[in-house]
Amino acid sequence: MYDVAIVGLGAMGAAVAWHASRLGLSVLGLDRYEPPHTHGSTHAETRITRLAVGEGDHYIPFVARSHALWRELEALTGAPLLHQSGGYILTDAAEEADRWTDFTMETARIAERAGVGYEVFDAAAMRERQPGIVVPAGAKVGFEPTAGIVMCERAVAAQLAQAQEVGAHTRFGKHVTAIEPVGDHVRVITDGSVHEARHVVVATGPWTPELVPGTIAERLSVTRQVVHWFEVDDLDAWSVDTFPFVMWIAGTIDDYVAAFPTPPDSAIRGVKVLGEQFDATTTPGQVERNVSAEEIADFHRRLVAPRFPGITDRSLRAEVCLYTNTPDDHFLIEADPRSDRIVVMSPCSGHGFKHSTALGEAVAQRLATGGSDLSLEPFGLAS
Ligand SMILES: Cc1cc2nc3c(=O)[nH]c(=O)nc-3n(C[C@H](O)[C@H](O)[C@H](O)COP(=O)(O)OP(=O)(O)OC[C@H]3O[C@@H](n4cnc5c(N)ncnc54)[C@H](O)[C@@H]3O)c2cc1C
Numbered sequence: 011m012y013d014v015a016i017v018g019l020g021a022m023g024a025a026v027a028w029h030a031s032r033l034g035l036s037v038l039g040l041d042r043y044e045p046p047h048t049h050g051s052t053h054a055e056t057r058i059t060r061l062a063v064g065e066g067d068h069y070i071p072f073v074a075r076s077h078a079l080w081r082e083l084e085a086l087t088g089a090p091l092l093h094q095s096g097g098y099i100l101t102d103a104a105e106e107a108d109r110w111t112d113f114t115m116e117t118a119r120i121a122e123r124a125g126v127g128y129e130v131f132d133a134a135a136m137r138e139r140q141p142g143i144v145v146p147a148g149a150k151v152g153f154e155p156t157a158g159i160v161m162c163e164r165a166v167a168a169q170l171a172q173a174q175e176v177g178a179h180t181r182f183g184k185h186v187t188a189i190e191p192v193g194d195h196v197r198v199i200t201d202g203s204v205h206e207a208r209h210v211v212v213a214t215g216p217w218t219p220e221l222v223p224g225t226i227a228e229r230l231s232v233t234r235q236v237v238h239w240f241e242v243d244d245l246d247a248w249s250v251d252t253f254p255f256v257m258w259i260a261g262t263i264d265d266y267v268a269a270f271p272t273p274p275d276s277a278i279r280g281v282k283v284l285g286e287q288f289d290a291t292t293t294p295g296q297v298e299r300n301v302s303a304e305e306i307a308d309f310h311r312r313l314v315a316p317r318f319p320g321i322t323d324r325s326l327r328a329e330v331c332l333y334t335n336t337p338d339d340h341f342l343i344e345a346d347p348r349s350d351r352i353v354v355m356s357p358c359s360g361h362g363f364k365h366s367t368a369l370g371e372a373v374a375q376r377l378a379t380g381g382s383d384l385s386l387e388p389f390g391l392a393s
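Be aware that the sequence shown starts at 11, since it is given in this note's numbering, and climbs by one per residue.
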């Protein structure tokens, strides 16, 4: 009997596996694929991280702790994970301020309360800093020097390797088909094996609605997102040494675009850019994984060319990735209604990675001691 079985070893499951095993728990990690992989929510090399988290004050302790843990993991493994190359939040002028169109200033308010350095300036000042970006009059820009990017697949691989080193058992290619509370423990059934554990963490990302039906599944919606890489004439101008990420929030969600700096050891010699869409929901089994030439051209023409003229329309790669959202876009970390021995972690909603290793640590601490240094209550797990 294991202390904890973790179902799904992506960003969240790998983090729980690392922390639980180094807290001395016996850990079994199961995944239907071999993570890190490109079927779920944790691929495409990099994720934005910001200490000034405009999504809410309660996230800040988790991202701050995650930065410390990424540094610790770098020291343990020698693999560069966190590039604090800075980041811009840019919001276009809007007639009405809401949570989204006011994101630059909401981030400023949260940064001030948390004591995180964050400077706000106007379109003219941004044009001076970044002459290669076409910034419209009336835009507001916030800059956080401590923001940056995290190497996401590498972080998953490093955490799994560390977990294995301190004794975690991991089994890849194991599709969990059922999780059943049985007396004082939980049974985990895969296509070909049965395992027993005192606690189970379900960290199955976009597959969660399939595995945990009922009230949890009803609150989750999965959407197809596309990540693009385009060629640029001068790649050095887009490196982590010269280009802070840009999160550009225009009038509607359909106009959102984010541009990432290129890490020094990127496998793709171009610039990563992505948009967002929430209209069409899908499932990991049904999603269209192909990105058509028309889709790529349309994205570049509408969202990239008018803002980033230095990014050419020569596509190097495009990948589909999945968001799992709750109705209010916050995380869901809850006990399964069938048993508080089963914890469901669905902290995606498009902004989960930056917090992932600290969330995994907090869940692992709860399993080991019944409490955690950082409270998970804001996400649904009562203290
Ligand atoms: C395009 C995109 C951009 C993003 N950008 C950012 C960003 O800039 N900053 C940020 O902080 N966050 C960002 N996010 C969100 C972040 O990446 C996610 O919060 C995070 O990766 C979710 O990880 P997860 O572990 O929940 O899911 P996943 O990584 O998908 O892991 C789930 C795992 O469960 C396994 N699994 C599923 N079902 C079963 C089963 N039945 N049996 C066994 N195993 C199973 C899967 O194989 C998979 O390995 C982005 C997400 C996307 C898609």
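C-beta atoms are modelled at their ideal positions from N, C-alpha and C, and glycine is treated no differently.
Skipping 5 residues on each side, what residues in its chain have a beta carbon closer than 7 Å to that of residue i?
{"i": "residue 72", "result": "365, 368, 369, 384"}
{"i": "residue 222", "result": "212, 346, 354"}
{"i": "residue 188", "result": "199"}
{"i": "residue 1", "result": "Because the chain is modelled from 11 through 393, residue 1 falls outside the range shown and cannot be assessed."}
{"i": "residue 3", "result": "Here the chain has residues from 11 to 393 only, and residue 3 is not among them."}
{"i": "residue 164", "result": "89, 91"}
{"i": "residue 74", "result": "61"}
{"i": "residue 225", "result": "347"}
Between the options, which lies nearest to residue i when the distance is taken from Cα to Cα?
{"i": "residue 227", "options": "346, 363, 188", "result": "346"}
{"i": "residue 382", "options": "390, 371, 388", "result": "371"}
{"i": "residue 91", "options": "307, 255, 350, 161", "result": "161"}
{"i": "residue 168", "options": "329, 340, 380, 28", "result": "28"}
{"i": "residue 240", "options": "210, 234, 266, 278", "result": "278"}
{"i": "residue 116", "options": "180, 156, 259", "result": "259"}
{"i": "residue 193", "options": "245, 206, 25", "result": "206"}
{"i": "residue 142", "options": "283, 156, 317, 358", "result": "317"}
{"i": "residue 237", "options": "305, 147, 363, 84", "result": "305"}
{"i": "residue 333", "options": "363, 358, 47, 351", "result": "358"}
{"i": "residue 190", "options": "386, 351, 18, 21", "result": "351"}
{"i": "residue 11", "options": "220, 257, 196, 290", "result": "196"}
{"i": "residue 124", "options": "107, 67, 110", "result": "67"}
{"i": "residue 308", "options": "295, 289, 56, 328", "result": "328"}
{"i": "residue 20", "options": "156, 175, 310, 363", "result": "363"}
{"i": "residue 99", "options": "185, 150, 50", "result": "150"}
{"i": "residue 201", "options": "185, 181, 214, 215", "result": "185"}
{"i": "residue 325", "options": "243, 331, 146", "result": "243"}
{"i": "residue 155", "options": "284, 175, 61", "result": "61"}
{"i": "residue 140", "options": "289, 255, 174", "result": "255"}
{"i": "residue 173", "options": "215, 126, 83", "result": "83"}
{"i": "residue 288", "options": "339, 302, 257", "result": "339"}
{"i": "residue 248", "options": "380, 97, 183, 33", "result": "97"}
From the DSSP output, read off the bridge partner residues of residue i.
{"i": "residue 309", "result": "None; residue 309 has no bridge partner."}
{"i": "residue 333", "result": "233"}
{"i": "residue 258", "result": "100, 267"}
{"i": "residue 197", "result": "190, 206"}
{"i": "residue 327", "result": "239"}
{"i": "residue 343", "result": "355"}
{"i": "residue 226", "result": "Answer is none; residue 226 lacks a bridge partner."}
{"i": "residue 15", "result": "38, 210"}
{"i": "residue 284", "result": "237, 268"}
{"i": "residue 131", "result": "151"}
{"i": "residue 293", "result": "Paired residues: none, contrary to the question."}
{"i": "residue 278", "result": "BP columns for residue 278 are empty, so no partner."}
{"i": "residue 385", "result": "Paired residues: none, contrary to the question."}
{"i": "residue 321", "result": "242"}
Output needed for residue i: all residues of its chain with C-beta closer than 6 Å, excluding positions within five of it in sequence on either side, in chain order.
{"i": "residue 130", "result": "118, 152"}
{"i": "residue 297", "result": "234"}
{"i": "residue 292", "result": "232, 234"}
{"i": "residue 144", "result": "317"}
{"i": "residue 310", "result": "323"}
{"i": "residue 133", "result": "145, 147, 149"}
{"i": "residue 15", "result": "38, 198, 205, 207, 210"}
{"i": "residue 45", "result": "19, 20, 166"}
{"i": "residue 24", "result": "166, 169, 170"}
Given residue i, which residues of its chain have a CB within under 8 Å of its CB, disregarding the five upstream and five downstream residues?
{"i": "residue 229", "result": "336, 337, 342"}
{"i": "residue 315", "result": "321, 323"}
{"i": "residue 171", "result": "87"}
{"i": "residue 250", "result": "93, 95, 158, 159, 271, 272, 273, 274"}
{"i": "residue 112", "result": "101, 104"}
{"i": "residue 252", "result": "246, 271"}
{"i": "residue 80", "result": "91, 92, 160, 165, 367"}
{"i": "residue 261", "result": "102, 104, 111"}
Query - Ordered list of alpha helix (DSSP H) runs contained in the region 137 to 195, each at least 4 residues - result: 162 to 175
Which ranges would you report for the beta strand (DSSP E) in the region 25 to 111 if only whole runs of at least 3 residues count?
37 to 41, 56 to 59, 97 to 101
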